[in-house]
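Written below as structure tokens is the structure these notes are about.
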Amino acid sequence: QVQLVESGGGLVQAGGSLTLSCAASGNIFTIVATDWYRQPPGMQRELVSTITDDGSTYYADSVQGRFTISRDNAKNTVYLQMNSLKPEDTAVYYCHTIGWREYWGQGTQVTVSS
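Quick note on the working numbering: the sequence shown kicks off at 1345 and runs consecutively.
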């Protein structure tokens, strides 16, 4: 089992920044990649960014150049630094891991006001 705990969400004005954290515990050696997904109100969940165990990263076009995914292996934590936030970034953000099984965190709300 892998447990994921997200933190760092909140309310921010457009143009502001937030950093989300995803702390993993349990059988973390089984994780090969960690993603951030988001689900805007009334919309489907979408992939935002991925970081693999070899450090490769992926960003959705909508966040490329504004968001940065990183990880601290010593803390078993993956971060999503979000800059130049826009109202359309408003969503519940979920941490997700891929490995022997897939796991989801509970989600953290990000609200960007115009």
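For each residue, glycine too, the CB sits at the ideal point set by N, CA and C. Keep in mind that this is a model prediction, so the values were computed, not measured.
Here the alpha carbons of Cys1439 and Thr1421 stand approximately 11 Å from one another. Annotated as distal: Ser1351 and Tyr1423, with beta-carbon spacing of 8 Å or more. Scanning its chain for C-beta atoms nearer than 6 Å, with the 5 sequence neighbours on each side dropped, one finds around Gln1425 the residues Thr1363 and Thr1412, in chain order. Under the three-state reduction of DSSP, Asp1379 is assigned to strand. Separation of the CB atoms of Ala1368 and Val1346 is rounded to 6 Å, and the pair is thereby assigned contact status at 8 Å.
In the DSSP assignment, Leu1429 falls outside any beta strand (DSSP E), carrying neither H nor E. Apart from sequence neighbours up to five positions away, the residues of its chain that approach Ser1361 with a beta-carbon distance below 8 Å are Gln1425, Met1426, Asn1427, Ser1428 and Leu1429, ordered along the chain. Here Thr1452 is actually not in contact with Gly1359; their C-beta atoms are around 20 Å apart, not less than 8 Å.
Closest by C-alpha distance to Asp1433, out of Lys1419, Tyr1402 and Arg1389, is Arg1389.
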